[in-house]
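**Q** The sequence shown begins at 66 in this note's numbering and counts up one residue at a time.
Glycine included, each C-beta is placed from N, C-alpha and C at the ideal position.
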Amino acid sequence: MKGAAAGLPLMMYLAGDICKSRGEHERALEYFERGAAMNNGMCLREAAEYYAKPCESNKRIPQNIQKALRYYERAAISPDYLDFNDHAYATMQAIILRTLNVDGQSQDWSRIAHLLQQPAIYTLDAIWPYLAYVFTFKKGNTPPAIRTAIECVNQASKCFDRYGSYDYADHLWQLAAGYCYEIGAITKEPDLDQAVTFYEHARESINRLNTRNDNWLGTGEPLAIPDEASERLEAFELVDGHYQYKEGITQSSTTCNPMPPAWPQNSVDVLEIFEDSTTGWRTNKYDWPFIEREWDTQKYLSFIIYDNRQSIENVIYDVYSIVMFHNEDKNTCNIYLYGYSEDPAECDETLEPTIYEIRDFKEMSISEGLRLIKEFYDHATLPVIDESWEKQYKNTTPPREYVLTCDNDIFYLNQYELSNQMIKDALEGVANGTYDIIAVRPSNLDDPGISYFIERGKGKNLHIRLYITTEDDIGDEIVYGFERDSSNLTSINYWIQESITSNKLPDLSDWEEVKKKD
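1. Pull up the DSSP beta-bridge partners for residue 568, would you.
2. Count the other CB atoms, across all protein chains shown, that sit within 10 Å of the CB of residue 516; report buried if there are 16 or more and exposed otherwise.
3. Roughly how many angstroms separate the alpha carbons of residue 75 and residue 366, rounded to a whole number?
4. Alpha carbon to alpha carbon, how far is residue 550 from residue 556? Give it in angstroms, no decimals.
5. Using the C-alpha atoms, what's the distance from residue 317 back to residue 302?
6. Does DSSP classify residue 513 as helix, strand or coil?
7. Would you check if there are 3 or more beta carbon pairs closer than 8 Å linking the stretch 251 to 259 to the stretch 271 to 283?
8. Buried or exposed, going by whether 16 or more other CB atoms sit within 10 Å of the CB of residue 308?
9. Using a Cβ-Cβ cut-off of 6 Å (strictly less than) and excluding sequence neighbours within five positions of residue 476, which residues of its own chain qualify?
10. Run through the stretch 71 to 136 for me and flag every whole alpha helix (DSSP H) of 4 or more residues, listed as ranges in chain order.
11. Tell me the rounded alpha-carbon separation between residue 85 and residue 285.
12. Decide if residue 163 is buried, meaning its Cβ has at least 16 other Cβ atoms within 10 Å, or exposed.
13. Whole-angstrom Cβ separation of residue 141 and residue 117, contact assumed at under 8 Å?
14. Going by C-alpha to C-alpha distance, which of 391, 155, 181 and 405 sits closest to residue 456?
15. Identify whether residue 357 lies in helix, strand or coil by the three-state DSSP scheme.
16. According to DSSP, is residue 146 helix, strand or coil?
17. Is residue 195 helix, strand or coil when you go by DSSP?
18. Does the Cβ-Cβ distance between residue 102 and residue 114 come in under 9 Å?
19. Using only the alpha-carbon positions, how far apart do residue 440 and residue 446 sit?
20. Could you spell out the range, first to last residue, of the beta strand (DSSP E) harbouring residue 190?
21. Can you give the Cα-Cα distance for residue 264 and residue 120, rounded to whole angstroms?
22. Using C-beta distances below 7 Å, list every residue in its chain close to residue 94, excluding the 5 sequence neighbours before and after it, in chain order.
23. Tell me whether residue 341 is buried or exposed, calling it buried when 16 or more other Cβ atoms sit within 10 Å of its Cβ.
24. Report all residues from its chain with a CB closer than 6 Å to the CB of residue 522; omit the five preceding and five following residues, and keep chain order.
25. Quick check on the DSSP output: what are the complete beta strand (DSSP E) runs of length 3 or more inside the stretch 468 to 503, in order along the chain?
26. If you draw a straight line from the alpha carbon of residue 240 to that of residue 478, how long is it in whole angstroms?
27. Are residue 196 and residue 181 close, meaning C-beta to C-beta below 9 Å?
28. Under 7 Å Cβ to Cβ from residue 271, same chain only, skipping five residues before and after it: list those, please.
29. Comparing alpha-carbon positions, which option in 526, 524, 471 and 506 lies nearest residue 533?
30. Going by DSSP, what residues sit across from residue 392 in a beta bridge?
31. Around the C-beta of residue 392, are 16 or more other C-beta atoms found within 10 angstroms, so that it is buried, or is it exposed?
32. Find out if the Cβ-Cβ distance for the pair residue 242, residue 248 is shorter than 9 Å.
33. Are residue 558 and residue 488 touching if we call contact CB-CB under 9 Å?
34. Taking the straight line between their C-alpha atoms, what separation do you get for residue 429 and residue 437?
35. Output the distance between the C-alpha atoms of residue 222 and residue 472, rounded to the nearest integer angstrom.
36. If you drop the 5 nearest sequence neighbours on each side, which residues of the same chain put their C-beta closer than 7 Å to that of residue 82?
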C-alpha cells in the first residue's frame with residue numbers, strides 16, 4: 066500500500082486487487098479510480114468492470130454504463146501493462162455495450178469500426194459477427210467492400226458451427242447473412258428464402274437476449290436489443306411456398322441501428338486525446354459543434370483525410386492529414402499539413418523524381434486556425450500555401466498506398482496510426498501459426514513497387530518471396546522475383562519497412578532469384 070500512497074500507478078492496481086480479493090470493493094474502486102486517472106490500463110479495466118457489472122461488487126457499487134464504457138474504451142488503447150488478451154477483452158466489452166445499445170449508448174459506428182481494428186488483426190474469433198455486420202451495412206469508416214463482408218459472414222458461420230453460439234452477437238452475423246442473400250451478394254442472384262431464414266434466426270436470437278435475466282452485466286434484468294430482424298421481415302410474404310417482397314417493396318429496411326442521416330465530411334477522421342495521455346484514437350464525428358467544442362478543450366487535434374485526398378497545386382499532392390496544435394502560452398495555434406512533394410532540388414527531367422513526405426506549417430491565431438479547419442470541413446478546400454508557411458521534408462516515401470493482407474483479410478495501411486506494429490504483429494502471426502500467409506504490397510498489384518509474401522517454412526523459418534515490379538525502356542511491365550528463408554522477424558520487418566517507406570530493397574546477395582511472374 067505504500068507504493069500506492071506514493072502515487073505509483075502499478076501499485077494502485079496491486080493495492081486495488083488486494084482489496085478486491087478481500088471483498089473491500091468500495092476501497093478497491095478508489096484505488097482503481099486513482100490509477101485510471103493516470104491512464105493505467107489495468108486500473109481502467111478493473112474500474113470499468115465495477116461500473117458495468119454490479120455482480121462484481123455484489124451490487125454494492127451502482128451501475129454506471131456511461132463511465133464503464135469510457136473506461137473500457139480507454140483501456141482498449143492504453144499502452145500500460147496490458148497484454149493483448151487484456152486489450153482484446155476491454156475492446157470486446159466496449160463493442161458489446163455500443164453495438165447492443167446497452168443503456169441507450171450512442172451507436173457511433175465509426176468508433177465501433179475503429180475498436181474492431183485491433184482484435185481483427187489477430188482474427189479473434191469473437192470479432193467475426195461484429196465485422197460481418199459493420200462491413201455488410203457499411204457502418205463507420207469501413208469501405209463498401211461486400212466481398213469482405215461475405216468473408217466475415219463465412220468466418221462467423223464457421224465459428225458458430227464450431228462453438229455453438231456467440232451468445233450476444235449471434236443476431237449480428239445472422240442479420241448480415243440475411244442481407245447478403247437478399248441482395249444476391251453470396252448467390253449472385255437474390256435468394257429471398259435464405260434471407261428470410263437468416264432474419265428469422267436473428268429474430269430468435271434477439272428475443273432470447275431480451276428475455277434472459279442472466280445477462281453478463283449481472284443486473285438481473287433482460288437487455289433491450291433493438292429488433293432489427295422483425296422490421297426486415299415485414300418486407301416479405303410467402304407465396305406458393307417461396308418468399309417474395311410485398312407489393313411496393315424492393316428491399317427490406319429498418320429503423321434500428323441507424324447510420325447518421327448525412328455525412329458531409331465522411332472522409333475526415335478526428336483524433337481525440339484522453340486527458341493527459343499521449344495516446345488517442347480516431348473516430349468520425351458528424352457535426353461541426355463537436356469539432357468546435359474539442360478545439361476549445363484539446364491541445365492536439367488531427368483531421369485525417371481518407372478516400373478524398375486533396376492537393377495544393379504545385380506545392381503538395383495527396384494531403385492526408387491536417388493537424389492543429391495549441392500554443393497555450395501564446396494563445397495561438399500551429400496548423401500542419403502533411404502530404405507529399407517532389408524534391409525541388411532535382412531538376413533533371415530524365416530521372417524519376419524523388420518523392421518526399423512533406424510537412425507545411427504555420428503559426429496563426431486561434432480564430433484563423435478555426436476558420437481554416439471550417440473551410441476544409443465545409444468545402445474540402447485547402448489554404449493557399451505561400452512564403453509565410455514553413456516547410457519540412459521527411460524521409461523519401463513512395464506516394465502509393467500499401468496494404469497488409471493476413472490470409473483473406475485486407476488492411477489499408479495508410480488508414481492506421483500503428484501500421485508498423487500491425488506488420489510486426491502479422492509476422493508474429495505467421496510464425497506462431499495464426500496465419501497461413503501474409504503479404505505487404507501496393508494496393509494495386511499492377512503498380513510499380515516492392516511486394517512481400519511470407520508463409521511458414523521449415524522449422525522455425527519463414528519463407529519470404531519478394532517481387533519487384535518495374536517498367537522497361539518501352540513501358541512494358543517487368544516483374545522480378547527473389548526468395549529466401551529466415552527466422553529473424555526483426556530483419557524481415559526492417560526489410561519491409563524500408564521498402565514501403567523508402568522504396569529500398571534489402572541486400573539480395575543471399576536471396577535466390579525465382580522465375581519471373583507472367
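**A** Inspection of the coordinates gives the following:
1. None, per the DSSP bridge assignment.
2. Per the 10 Å Cβ criterion, buried.
3. Their backbone Cα atoms lie some 29 Å apart in a straight line.
4. Cα-Cα distance, rounded: 12 Å.
5. Rounded to whole angstroms, residue 302 to residue 317 spans 12 Å at the Cα level.
6. DSSP places residue 513 outside both helix and strand once states are collapsed to three, so it counts as coil.
7. With a cut-off of 8 Å, the stretch 271 to 283 and the stretch 251 to 259 do not count as touching, because too few Cβ pairs lie within range.
8. So residue 308 ends up on the buried side.
9. If we look at residue 476 and ignore the five residues flanking it on each side, its Cβ neighbours are 469.
10. Listed in chain order, the complete alpha helix (DSSP H) runs (minimum 4 residues) inside the stretch 71 to 136 are 74 to 86, 90 to 102 and 106 to 117.
11. So the two alpha carbons sit approximately 22 Å from each other.
12. Flag for residue 163 reads buried.
13. Between residue 117 and residue 141 the Cβ distance is about 14 Å, and since that is not below 8 Å, they are no contact.
14. For the options 391, 155, 181 and 405, the alpha carbon positioned closest to that of residue 456 is the one of 405.
15. Residue state, collapsed to three classes: helix.
16. Its pLDDT being 48, under 50, residue 146 is placed unreliably by the model, and nothing is read from it.
17. Helix, per DSSP.
18. At a Cβ-Cβ threshold of 9 Å, residue 102 and residue 114 do not count as neighbours.
19. Here the C-alpha atom of residue 440 lies approximately 6 Å from the C-alpha atom of residue 446.
20. Premise fails: residue 190 is in no beta strand (DSSP E) and is neither H nor E.
21. The alpha-carbon atoms of residue 264 and residue 120 are separated by roughly 33 Å.
22. For residue 94, where only same-chain residues beyond five positions count, the Cβ hits under 7 Å are 112, 115 and 126.
23. The predicted model places residue 341 with a pLDDT of 44, which falls under 50 and marks its position as unreliable; any figure quoted below should be read in that light. In the assembly as shown, residue 341 is an exposed residue. Its beta-carbon has fewer than 16 other beta-carbons within 10 Å.
24. Within the same chain, Cβ atoms closer than 6 Å to the Cβ of residue 522 are found at 528 and 550, the five residues on either side in sequence being excluded.
25. As far as the stretch 468 to 503 is concerned, its whole beta strand (DSSP E) runs of at least 3 residues are 474 to 477.
26. The C-alpha of residue 240 lies about 29 Å from the C-alpha of residue 478.
27. One thing to note: residue 196 has its Cβ within 9 Å of the Cβ of residue 181.
28. Residues 236, 290, 292 and 294 of the same chain have their beta carbon placed closer than 7 Å to that of residue 271, with the five preceding and five following residues left out of the count.
29. Checked all of 526, 524, 471 and 506; the closest Cα to residue 533 is 506.
30. Checking the DSSP bridge columns, you'll see residue 392 partnered with 397.
31. With fewer than 16 other Cβ atoms within 10 Å, it is exposed.
32. Taking 9 Å as the Cβ cut-off, residue 242 and residue 248 do not qualify as a contacting pair.
33. Cβ distance < 9 Å, so residue 558 and residue 488 count as in contact.
34. The alpha-carbon atoms of residue 429 and residue 437 are separated by roughly 10 Å.
35. Their backbone Cα atoms lie some 17 Å apart in a straight line.
36. For residue 82, where only same-chain residues beyond five positions count, there are no Cβ hits under 7 Å.
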